[in-house]
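Enquirer:
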Amino acid sequence: MNGQSADYRRIEYYWKQLAVNNGSGPVWQGVTNTVTLSNQTVTVTGRLLVSSAGQTLAYDADGNLTNDTVWAYWWDGENRLKAMEVLSSAAARGVPRIRLEFGYDWQGRRLSKALLTNWNGSIYLTTNLTRLVYDGWRPVAELDANNALIRSYGWGLDLSGEIDGAAGIGGLVEVTDHSSWPPGRHFTVFDGNGNIVGWVKADGTVSARYEYGPFGEPIRVTGTFARSNPFRWSTKYWDEETDLVYYGYRYYSPNLVMCWHLVG
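Final position of the sequence shown in the numbering used here is 340; the numbers increase by one with none missing.
Structure, rendered in structure tokens:
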């Protein structure tokens with residue numbers, strides 16, 4: 077890892093502690109994993125966001141989080157998260173500068189998610205809009221800005237043995253990915269708590285695998301469908317850009333181990 081040997085390995089798992097200089101702010105840490113087995117070498121590169129060692133959290137008068145030294149957050153009059161943006165101070169340290177904006181209906185269901193990227197110093201040049209269609213509180217489709225279908229979802233009985241008795245946890249049966257032709261169908265694999273731990277294609281091929289820490293923090297995200305699929309922990313919508321889990325009336329941060337409730 078980053079040119080250093082692993083400190084510990086057990087079967088397919090290995091561990092290495094990397095030194096990161098985050099004393100004065102967050103770090104967008106580059107990570108390169110190189111594995112050699114039977115004269116075959118595979119290299120995977122990526123980045124991890126490491127928060128400041130002196131991370132402080134700021135809140136508004138309603139108790140809503142407004143700043144965590146990486147993101148700034150904005151809330152509407154109903155205490156719903158309406159926007160969040162990478163702080164300029166974090167962007168100066170290499171964190172990609174992006175902004176997300178959310179829209180809700182009268183019930184509080186999140187109907188839209190806009191990802192703004194390509195900051196040119198004054199405005200964002202690119203907007204990627206995703207709209208959601210619901211059956212009750214269960215998302216059944218995602219649409220792009222032109223209302224073209226991105227993904228569609230099929231639901232069944234959840235952990236309660238009923239429709240929505242456990243808020244849909246463990247109830248997602250399949251997802252159809254319409255980004256290619258023919259559309260690809262993936263079927264869910266759950267653990268005993270209703271967390272999605274994998275996706276399997278119709279031909280039996282494993283398309284995604286997930287593993288989580290005790291608070292839902294991701295420790296494994298692998299497979300061709302792993303990143304593009306938004307449903308993971310607790311069968312809830314996972315925002316890949318922020319690692320926030322949308323529960324409907326609240327957001328949950330596995331990394332901060334905290335929830336943001338809608339206060340009515």
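A virtual CB, placed ideally from N, CA and C, is assigned to each residue, including glycine.
1) Enumerate in chain order the residues of its own chain whose CB-to-CB distance from S98 is below 6 Å, with the five nearest sequence positions on each side excluded.
2) Less than 7 Å between the beta carbons of T298 and R308, yes or no?
3) Have a look at R207 and W213 and give me their C-alpha separation to the nearest angstrom.
4) Could you give the residue range of the beta strand (DSSP E) that holds S228?
5) Pick helix, strand or coil for T311, following the three-state DSSP scheme.
6) In this structure, how does DSSP classify G340 when only helix, strand and coil are distinguished?
7) What are the uninterrupted segments assigned as beta strand (DSSP E) that are 3 or more residues long and contained completely in the segment 222-278, given in chain order?
8) Going by other Cβ atoms of all chains shown within 10 Å of its Cβ, with 16 needed for buried, is T117 buried or exposed?
9) Identify, in the order they occur along the chain, each residue of the same chain with its Cβ nearer than 6 Å to the Cβ of D144, setting aside the five sequence neighbours on each side.
10) Let me confirm a value: E161 is counted as buried when at least 16 other C-beta atoms fall within 10 Å, else exposed. Which label applies?
11) With a cut-off of 8 Å on the beta carbons, I'd call N331 and D319 a contact; round off their distance for me.
12) Quick one, which of I245, T110, H262 and D211 has its alpha-carbon nearest K277's?
13) Quick test of the definition: if touching needs 3 or more C-beta pairs under 8 Å, does the segment 192-200 touch the segment 218-231?
14) Apart from the five residues just before and just after T108, which ones in its own chain have a Cβ nearer than 6 Å to its Cβ?
15) Considering only C-alpha positions, which residue in the set E293, Y322 and Y328 is nearest to R185?
16) What does a CB cutoff of less than 6 Å around V103 pick up in its chain, not counting 5 residues either side in sequence?
17) Which residue or residues does DSSP assign as beta-bridge partners of Y323?
18) Using a Cβ-Cβ cut-off of 8 Å (strictly less than) and excluding sequence neighbours within five positions of G170, which residues of its own chain qualify?
19) Please classify I174: is it buried, with 16 or more other beta-carbons within 10 angstroms of its beta-carbon, or exposed?
20) For the beta strand (DSSP E) containing S128, name the first residue and the last one.
21) Skipping 5 residues on each side, what residues in its chain have a beta carbon closer than 8 Å to that of L338?
22) Could you tell me the distance, in whole angstroms, from the CA atom of N204 to the CA atom of L163?
23) Please classify S164: does DSSP put it in a helix, a strand, or coil?
24) Decide if W257 is buried, meaning its Cβ has at least 16 other Cβ atoms within 10 Å, or exposed.
25) If you draw a straight line from the alpha carbon of D279 to that of F301, how long is it in whole angstroms?
Expert: Put simply:
1) Sequence check: residue 98 is Asn here, not Ser. Hits under 6 Å: V126, S128 and A129.
2) Between T298 and R308, the C-beta gap is not smaller than 7 Å, which leaves the two residues out of contact.
3) So the alpha carbons of these two residues sit roughly 14 Å apart.
4) Residues L225 to W231.
5) Secondary structure at T311: helix, using DSSP grouped into helix, strand and coil.
6) The predicted model places G340 with a pLDDT of 44, which falls under 50 and marks its position as unreliable, so this point remains unresolved.
7) Secondary structure in the segment 222-278: the beta strand (DSSP E) runs of 3 residues or longer, each lying completely within the stretch, are 225-231, 248-253, 260-266 and 272-277 in chain order.
8) T117 is exposed by the Cβ-count criterion.
9) For D144, same chain residues with a beta-carbon under 6 Å away, outside a window of 5 residues either side, are L133 in chain order.
10) Counting the other CB atoms within 10 Å of its CB gives E161 a total of 16 or more, which places it among the buried residues.
11) About 6 Å separates the two Cβ atoms, so the contact holds.
12) For K277, the nearest C-alpha among the options comes from H262.
13) Judged by Cβ distances under 8 Å, the segment 192-200 makes no contact with the segment 218-231, as fewer than three pairs qualify.
14) For T108, the CB contacts under 6 Å within the same chain, skipping 5 residues up- and downstream, are N78 and T121 in chain order.
15) Of E293, Y322 and Y328, the residue nearest in Cα terms is Y322.
16) Correct list, in chain order: V96 and V126.
17) The secondary-structure analysis by DSSP pairs Y323 with nothing; it has no beta-bridge partner.
18) Once the five neighbours on either side are set aside, the close Cβ partners of G170 are V103 and W104.
19) Buried, because 16 or more other Cβ atoms sit within 10 Å of the Cβ of I174.
20) From DSSP, S128 is part of no beta strand (DSSP E); its letter is neither H nor E.
21) Residue placement at L338 is flagged as unreliable, the pLDDT there being 49, under the threshold of 50; the coordinate-derived value follows with that caveat. E154, N155, R156, G184, Y325 and R326, listed in sequence order.
22) Here the alpha carbon of N204 sits roughly 20 Å from the alpha carbon of L163.
23) S164 falls in the helix class under three-state DSSP.
24) By the 10 Å Cβ count, W257 comes out exposed.
25) If you take the alpha carbons of D279 and F301, they lie about 14 Å apart.
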